[in-house]
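Chains as they are written, first to last, in our numbering: chain W, 6 to 310; chain X, 42 to 570; chain C, 49 to 384.
All C-beta atoms, glycine included, are put in the ideal place defined by N, C-alpha and C.
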Amino acid sequence: MNDTPSVAIDPVKNTASAPPKPIAEFWSYFKENRGALTGLYVFIAICLMAIFADFVAPHAPNQQYREFFLVPPFWQDGGSLQFLLGTDAVGRDIFSRLVYGARYSLIIGVIVVVLSLTLGIALGLIAAFFRGVTEISIMRMMDIMLALPSLLLAVVIVAILGPGLFNAMLAISIVYLPHLVRLTRAAAINELSKDYVTASRVSGAGPMRLMVISVLPNCMAPLIVQATLSFSSAILDAAALGFLGMGAQPPTPEWGTMLAEAREFVLRAWWVVTFPGIAILVTVLALNLLGDGLRDALDPKLKRQ
Amino acid sequence: MKRTLIGAGVVMSLALSPMAFAAKTLVYCSEGSPEGFNPSLYTAGTTFDASSKSIYNRLVEFDRGTTNVVPGLAETWSVSDDGLEYTFNLRKGVKFQTTENFTPSRDFNADDVIYSFMRQFDKENPYHNVSGGSYEYFNGMSMPDLLKDVVKVDDYTVKFVLNRPEAPMIANLGMDFASILSAEYADKMLAAGTPENVDLNPVGTGPFQLVSYQKDAVIRYKAHPDYWAGKAQIDNLIFAITQDPSVRYQKLKAGECQIMPYPNPADIEAMKADADVNLLEQEGLNVGYLAYNTKMPPFDNAKVRKALNMAINKQAIIEGVFQGAGKVAKNPIPPTIWSYNEATVDDPYDPEAAKKMLDEAGVSGLKTKIWAMPVQRPYNPNARRMAELIQADWAAVGVEAEIVSYEWGEYLKRSKDEDRDGAVLLGWTGDNGDPDNFLAVLLGCDGVGGSNRAQWCYQPFEDLIQKAKVVSDHAERTKLYEQAQLVFKEQAPWATIAHSVVYMPVRKEVVDYRIDPFGGHIFYGVDLK
Amino acid sequence: MLRFFLTRVALVIPTFVGITLLTFAMIRLVPGDPIELLAGERGVTPERHAELRASYGFDKPVLEQYWIYVNNILHGDLGNSIVTRQPVVNEFFTLFPATVELSICAMLFAVFIGLPVGVLAAVRRGSVFDHTVMGAALTGYSMPIFWWGLLLIIFFSGILGWTPVSGRISLLYFFEPVTGFMLIDSLLSGEDGAFTSAVSHLILPTIVLGTIPLAVIARQTRSAMLEVLGEDYVRTARAKGLAPRRVIGVHALRNALIPVITVIGLQVGVLFAGAVLTETIFSWPGIGKWLIDSISRRDYPSVQGGILLIATTVILVNLAVDLVYGLINPRIRYRR
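Take a look at the structure:
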């Protein structure tokens, strides 16, 4: 399929007129974008909440208050300020669980991005450098994985590894590989034909050096954008796996797992169902706004307009 | 029939559409798709609801809502003095259902009985290997070892010859796998080269006949017009397959169905308050237990087992795990089974005494495992939570337990190991209402390394249940089983935890639905207001 | 052109072989024993267990099992489900139409709303409309659809009572499936109200499944339009004084459609993944739910066959999109 990365940047054009101050230039574009800024602020807030969960959350996430089963949020009849967003079926404070849940979601995002990025870049570079059989077998493998719907593939992988948070993260990382591999390979092949690569090859740089020091930094921009996007999809997919009972296991306060547990209360206690979903939506939305902003700021084509 | 145009917005009112006036239609929101329509091939209750309970009959049946055996396709029966020969006199004038691809030319007779059993029993039978050919219930009830032959005496008399006496035999013949299929239909399909049709498009003598089935969506039946016990009061029976329990309740509330099984424990309160719904409840024919490995020290010491039992707060489990929908178990059989011993005294919850008993047994710093199964079962809605509670209770008496779990198939397999480490949470749902079906299967010496998860072989107990198996006098059997329960309690190979309570939400317009103690769902005899 | 066509088709074959290998291997890596699972607490004797294993062919060497598997596939036989003992192919194709019907409706919903909205947003770039639409699209794109489905059920079925809770059609309508597509069958049946009932059952699942493709298509259309509107030929057309409607409709849209079609093709895989969740929430009798159930029951032949058939569908759709793309855009044919 057509996989010329739409977000590839051209370093030559980038530095044509102004002296190169990439970070300052990037920031000046980025801060123009109000949506992206909002996304950034929300994301920082969520990070802070996750880091300082012990201070933010009024209760421990798994503390069961046996006298307070399914208490509604504070503004509803029967609710109290003791439990801001109410309690779940076994008397746990939903707000506190959401706060701690942010940790899991962020960890999921980070681990999935790191894992899939490392593996994806490695495979993509290898495919780009060692053409022939190596490339064909890697790329065929990726085609095969692309033919399977991602969630389904993740479910099968989790079935093999056994349900659990880490296995879910691993499964999602594997599922994300094909896009990253293709992206890296395309960008690297593009770079390899450039003069500076030929120059450094002529001056005797080994393949490892060429790969990591010369080529990789110049294909990073599209990968960074892809990484922020996979950060948000990882949170969504992990929640979906949790919802199907294949992700984090109860009583872990992971948002998708909370939703799965809350499903039986759909009609009886709207708050147990609504709030974890809002938490997922807000986090993912903030990350996507951020990702959009990054792409616009890094993409020279849009800059010109 | 006059129908007004119905807009998308008012679909709910369809529940009262003209068809409902024309004929009585009962809609049951079932919990899943049946595996198929021949009950002898499968083992799931969902399958039995859709096949044996509605389409078929057996030689003997269980009186609706009880575990008592009553005549079915056999009007009377007699047992020879040595307990080896069972002779059944069959009912006359019983009609098979007429379906799209079969019109019966004769009434039910001995050939049908012979066919139904020989298909499962005789490996040479032309039907034995049709549709995968595995008869797990028939095997599970040890029929291949037990049966010597099934003989046609005349057109309306059949004799079962056994290899050894087996008191629960009659009750076994009331089980789903013993449903009677039509031999005439089978012969016809075999001649046509489509034997699998017998299992796909069932023909039975039962109160309802299959009209159509769409996997994961709907099963439709209509009343069998010539049913031998009288045509059912409802004309159409529909199973609306709905896996999610909250969705089932939604549909029940909206009147899209009238009966639903397996409600969410969370919805019970709301159902009790719902003016349109009657919430029926009954204790289930099951027991949830924690089985020690009585072959491994220190659990080979009855005193240690007893002490650990006394450390468990069962009342907290009933509230925390069953949300109140359960009852503390003191015997290994549920109270709905005959011979349940009321006199048994349960181990009291007494951590102090437990600690002392452990000290006396010379056990200190004990480390063990609690196995928690990964799935929800009727006798244990949340094994993980139950294990956590027991873990905390044991910690209070100085026993450190680690909770382990495996994938369900793996769990069942590994828990059978005789050198298994730790105590296993498991349970059992009765098949035929006979105490033998609990005590011999779960605690008999034959079951060690298999269904006896406690690996417990205790001669005094074994003698009692073996004797009860061959005696045919009911009063004597009762006495033997009552005694066996006392021996069990004294030896404590298990901690008996709970019997669950079965809830059935039924809409107000449903008349005379009765909960089946075996966990089935039976719609003959039910009417609609 | 023929050459392009043949290379594309030839490329599919190794992928297909790879998929048979992958499904075969994956299934054998999954822990758990279907025989134990079926037997439950009752258990089976070791002898019986061995007998059953042999009857499913699990006792043969793995290579031989693979050979038998591939050989059977070539004869159109994907084995029998362990649970129902019915051929997997039959099970799949009785449920497949439900999934296809839902997916097509979701895709139509996404395209018919996404395209015009995207075009309008591009034309009125920077307006309030543009911002609202793009905000909504990004929200839709970020939506956990399983939660979205629950919310819609609470609101439209629970509180308002407008739509049915689950299923494909009211149980009161009864006709034998002809095509398997409920919308068509309900029309063919000639029963009054059947079609309306089928439509009302489709509304919520369609919205839920269509949300993410809708968001993607709206965004993609907008950015493709923006790009095209900036091109010289469009500016020229404008400068010549052509009516804006004509410029946008004829010149810009046609060129903007090319990348949009690719995106639509790519959404097929996304739809299948979404179908797993949507079908679970709405008890929709399709293959997504069936596969998840089969995985949890360790019904190996069903999982193996189901994944193979889904992958084949995705490959074929992608191939079709590729070929169509080649027809529209001749330059592609010579791309490597």
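Cut-off 6 Å between Cβ atoms - residues of its own chain near residue i, not counting five sequence neighbours on either side
i	result
X:Q526	N372, N382 and T385
X:E441	K408
X:N79	D240
W:R309	Note that W:R309 has pLDDT 39, beneath the 50 cutoff, so the model's placement of it is unreliable and the number below is only indicative. Result list for W:R309: empty, nothing under 6 Å.
Distance CB(residue i)-CB(residue j) smaller than 8 Å
i	j	result
W:F280	W:L103	yes
W:L4	W:I126	In the structure as shown, chain W starts at 6 and stops at 310, and residue 4 of chain W therefore has no counterpart that could be examined.
W:V289	W:V278	no
C:G322	C:A146	no
C:G124	C:I116	no
W:L295	W:F31	no
C:V308	C:A272	yes
W:Y109	W:T203	no
X:I359	X:A536	no
C:I121	C:V351	no
X:V199	X:V154	yes
X:G73	X:Q284	yes
X:V547	X:V318	yes
C:A300	C:V311	no
X:Q524	X:Y499	no
X:E448	C:G80	yes
Neighbourhood of residue i by C-beta distance below 7 Å, restricted to the same chain and skipping five residues each side
i	result
W:M263	R102, G106 and P281
X:G247	S95, I96, Y97, N98 and H265
X:N142	N238 and N242
Residue(s) in a DSSP beta bridge with residue i
i	result
X:W535	X:A332
X:N319	X:V547
X:P112	X:V101
X:L38	Here chain X comprises residues numbered 42 to 570, so residue 38 of chain X is not present and cannot be evaluated.
X:Q255	X:V259
From the options, residue whose alpha carbon lies closest to that of residue i
i	options	result
X:A219	X:N421, X:R160 and X:N166	X:R160
X:L430	X:G566, X:D504 and X:K355	X:K355
W:G129	W:L153, W:A204, W:A193 and W:V117	W:A193
C:W196	W:G252, W:R268 and W:I131	W:R268
C:T63	W:M150, W:A55, W:Y181 and W:T189	W:M150
C:S214	X:A295, X:F479 and X:G173	X:A295
X:F103	X:V438, X:K508, X:D475 and X:Y127	X:D475
C:G91	X:P389, X:P501, X:N493 and X:P286	X:N493
X:G468	X:D504, X:V438 and X:S541	X:S541
X:G245	X:A233, X:Y262 and X:L231	X:Y262
W:W276	W:P66, W:F57 and W:F79	W:F79
C:S154	C:P109, C:L257, C:A287 and C:V176	Checking the sequence, you will find Ala at residue 154 of chain C rather than Ser. Here the closest residue by C-alpha is C:L257.
X:A232	X:G365, X:M414, X:M301 and X:Y168	X:Y168
W:P255	W:V186, W:M213, W:P66 and W:T43	W:P66
Contacts around residue i, its chain only, beta-carbon distance under 8 Å, and the 5 residues preceding and following it disregarded
i	result
C:V362	V316, G317 and F320
X:F62	Because X:F62 carries a pLDDT of 48, less than 50, the predicted location of this residue cannot be relied on, and the following value inherits that uncertainty. Closer than 8 Å at the Cβ level, and outside the excluded window around X:F62, lies no residue.
W:L182	S121, L124, G125, L128, M147 and M150
C:S237	Y221 and F223
Practice task
Select from the region 278-291 of chain W all residues with a C-beta closer than 9 Å to any C-beta belonging to chain C, and list them in chain order.
Solution key: From the region 278-291 of chain W, only V278, T279, P281, G282, I283, I285, L286, V287, T288, V289, L290 and A291 have a Cβ closer than 9 Å to chain C.
Practice task
Determine which residues of the region 274-288 of chain X have a Cβ less than 7 Å from any Cβ of chain C, and write them out in chain order.
Solution key: Of all residues in the region 274-288 of chain X, only I279, A281, T283, Q284, D285 and V288 place a beta-carbon less than 7 Å from a beta-carbon of chain C.
Exercise for the section: Would you list, in chain order, the members of the region 152-173 of chain W that have their beta-carbon closer than 8 Å to a beta-carbon of chain X? Expected result: Hits within the stretch, in order: G167.
Practice task
Name, going along the chain, the residues of the region 247-259 of chain X whose beta-carbon falls closer than 9 Å to a beta-carbon of chain C.
Solution key: Against chain C - using a Cβ distance shorter than 9 Å - the residues of the region 247-259 of chain X are V252, S253, Q255, K256, D257, A258 and V259.
Problem - chain W contacts made by the region 524-538 of chain X, where a contact means CB separation under 8 Å - result: Hits within the stretch: zero.
Practice task
Determine which residues of the region 191-219 of chain C have a Cβ less than 9 Å from any Cβ of chain W, and write them out in chain order.
Solution key: Result list: M191, P192, I193, F194, W195, W196, L198, L199, I201, I202 and G206.
Problem - Contacting positions in the region 286-320 of chain X - beta carbon closer than 9 Å to chain W - result: Of all residues in the region 286-320 of chain X, the ones placed with a Cβ closer than 9 Å to any Cβ belonging to chain W are P286, S287, V288, Y290, Q291, K294, N305, P306, A307, D308, E310 and A311, in chain order.
Handout entry: Residues in the region 124-141 of chain X having any Cβ partner in chain C nearer than 7 Å
Key = Answer in chain order: no residues at all.
Exercise for the section: Taking a Cβ distance cut-off of 8 Å, strictly less, list which residues of the region 62-93 of chain C are near chain W, in chain order. Expected result: The residues in question are P62, T63, G66, I67, L70, M74, L77, V78 and P79.
Problem - Cβ-based contacts, 7 Å cut-off: residues of the region 263-279 of chain W near chain X - result: So the close ones are R268, E269, F270, V271, L272 and R273.
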